[in-house]
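Chains as they are written, first to last, in our numbering: chain A, 1 to 204; chain B, 1 to 204.
Before any comments, here is the structure.
Number of protein chains: 2
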Amino acid sequence: MSSTIKVLLAEDQSMVREALAALLGLEDDIEVVAQVARGDEVLPTAQQHDIDVALLDIEMPGCTGIEAAAQLHKALPAVKLVVLTTFGRPGYLRSAMEAGADAFLVKDAPAAQLAEAVRKVLAGERVIDPTLAAAALAEGANPLTDREREVLRAAADGSTNAELAAALHLSQGTVRNYLSTAIQKLAVRNRAEAVRIAREKGWL
Amino acid sequence: MSSTIKVLLAEDQSMVREALAALLGLEDDIEVVAQVARGDEVLPTAQQHDIDVALLDIEMPGCTGIEAAAQLHKALPAVKLVVLTTFGRPGYLRSAMEAGADAFLVKDAPAAQLAEAVRKVLAGERVIDPTLAAAALAEGANPLTDREREVLRAAADGSTNAELAAALHLSQGTVRNYLSTAIQKLAVRNRAEAVRIAREKGWL
DNA sequence: AGACCCGCATGACAGATGTCATGGGCAGAG
DNA sequence: CTCTGCCCATGACATCTGTCATGCGGGTCT
């Protein structure tokens, strides 16, 4: 708490990452002491930098920002976690909170909220968009089982049942059964819609 | 060329937009004189600001940065156009060039290239990632006809043939024929894959 | 132990989807 | 003017997909 707040910034797109660093650099009390472009570099980098706050994008190669948040929360519980994302998907918010995040920001919020969120989490506050929180609560938890999610995720690229069966070591009939139950749970008509809806909700 | 380069910045996500503005603000010779969050605000805003360069994100509500580029190119041909995008899709590059863009940057390029590109286009140079340019040339032009693209785009959300036929005022058989030819042109097995491939190439 | 949910499977059926042959109308290129 | 390509349509066919009934084994909760 002495002089400046030390921040680790994780975001895969260099231009965005460095731009966010420039933005935070304008604040006198905040200093970006490390930057990474991959989810799986977050924990190792955090361990050798003595940081106060980690700013994590969700969509990253290696592992997602949410998984990185969970790792940090376990290994370095003192570090505050701010999750940043392009998509305001309620399921993401829920997962982020379960992973121990202290703040959840969407990238189309005003830039001023970023520095503000960093200061607030360090003061022990939680920062969550109330509209998104309401949406997350309203739609309930992910209704899909692990297998259903797995099959749906594999089906997302347009694979045929036979390919899915081979890839997942299941019978074709089983693949169709899982997809069928997923389709019913999501109240849609076919796998393509199921994929779309599951994505929108952050359940995929 | 006098004192500073005047830039219009178009990008829908506030946080990213303001961060990019902060980044450009660090350069002594560049000044962001206007910011917009929608494609259809680009031209009107540009007309009342006397700008040198427009920095356009592709994915925006209202209209795409490529459409905005085409409008600017026609109405204010002196303004240099830098197109910025998350996705390095060859088809995007091709469309951007056809719309009169002077530079094409992907967001995972180093941040330093942004200011550099702004200066270069003003000096009359073109800035294009050579790898991407090669890819764009290698894969040729979009093989899909207008109708095929239209049907494929409409099918992307998981709509059924009947819904597509109704929405596009076509018969179901015609919808299936278009999808079938699109599927063959893209050398894939079903509409879902066709959608994915067309998206990846920037042909959708 | 019994009830219950999940994972996995099969078989049968209806409906959706992809392919193919075919043909008419219309525009632009040679 | 003919040729070609695109747009639109139909009908028939094979295959893929989604639904449903049913069953088995394993785990968990009471």
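Cβ coordinates follow ideal geometry from the N, Cα and C atoms, glycine included.
Note that the coordinates shown come from a computational prediction; the quantities given were computed from them, not determined experimentally.
Name the DSSP bridge partner or partners of residue i?
| i | result |
| --- | --- |
| A/Glu31 | A/Lys6 |
| B/Leu105 | B/Leu84 |
| A/Val175 | DSSP, once it has assigned bridges, lists no residue as partnering A/Val175. |
| A/Val42 | A/Val42 pairs with nothing; no bridge assigned. |
| B/Leu195 | The residue asked about is misnamed: residue 195 of chain B is Val in this sequence, not Leu. In the DSSP output, where bridge partners are listed per residue, B/Val195 has none listed. |
Roughly how many angstroms lie between the CA atoms of residue i and residue j, to the nearest whole one?
| i | j | result |
| --- | --- | --- |
| B/Gly39 | B/Val106 | 18 Å |
| A/Ala141 | A/Arg149 | 13 Å |
| A/Met1 | B/Leu152 | A caution first: A/Met1 carries a pLDDT of 49, below 50, which makes its placement in the model too unreliable to give a value. |
| A/Glu125 | A/Asp108 | 21 Å |
| B/Gly235 | A/Thr174 | Given a span of 1 to 204 for chain B in the structure shown, any question on residue 235 of chain B remains unanswerable. |
| B/Leu81 | B/Lys74 | 12 Å |
| B/Leu24 | B/Glu193 | 40 Å |
| A/Ala112 | A/His49 | 25 Å |
| B/Gln35 | B/Ile58 | 15 Å |
| B/Arg176 | B/Ala182 | 10 Å |
| B/Gly88 | A/Val53 | 31 Å |
| A/Gln184 | A/Ile197 | 12 Å |
| A/Val32 | B/Arg17 | 19 Å |
| B/Ala165 | B/Pro77 | 41 Å |
| B/Phe104 | A/Ile51 | 36 Å |
| A/Ala135 | A/Pro90 | 6 Å |
| B/Lys120 | B/Ile5 | 11 Å |
| A/Thr86 | B/Pro110 | 20 Å |
| A/Ala187 | A/Asp29 | 49 Å |
Can you tell me which of the options puts its alpha carbon nearest to the alpha carbon of residue i?
| i | options | result |
| --- | --- | --- |
| B/Ala96 | B/Glu116, B/Asp108, B/Ile128 | B/Ile128 |
| A/Ala167 | A/Tyr178, A/Asn177, A/Ala155 | A/Ala155 |
| B/Arg199 | A/Leu132, A/Leu164, A/Gly158 | A/Gly158 |
| B/Tyr92 | B/Leu179, B/Val53, B/Leu132 | B/Leu132 |
| A/Ala46 | A/Glu27, A/Ala10, A/Asp28, A/Ile30 | A/Ala10 |
| B/Asp102 | B/Thr86, B/Ala69, B/Thr85 | B/Ala69 |
| A/Asn161 | A/Leu179, A/Ala187, A/Glu67, A/Gly65 | A/Leu179 |
| B/Ala99 | B/Val188, B/Thr85, B/Lys201, B/Gly65 | B/Gly65 |
| A/Asp146 | A/Leu204, A/Ala37, A/Glu27 | A/Leu204 |
| B/Gln13 | B/Pro130, B/Leu56, B/Ile30, B/Asp28 | B/Leu56 |
| A/Glu163 | B/Arg189, B/Glu163, B/Ser171 | B/Arg189 |
Which class does residue i belong to by DSSP, given the choice of helix, strand or coil?
| i | result |
| --- | --- |
| A/Ala54 | strand |
| B/Val118 | helix |
| B/Val79 | coil |
| A/Met1 | Summary for A/Met1: the model assigns pLDDT 49, below 50, so the residue's position carries little reliability; its value from the coordinates is reported in the next sentence. Note: A/Met1 maps to coil in three-state DSSP. |
| A/Val188 | coil |
Tell me which residue opens and which closes the alpha helix (DSSP H) that residue i is part of.
| i | result |
| --- | --- |
| B/Val16 | 14 to 25 |
| A/Arg153 | 146 to 155 |
| B/Met97 | 90 to 98 |
| A/Pro130 | 130 to 138 |
| A/Asn161 | 161 to 168 |
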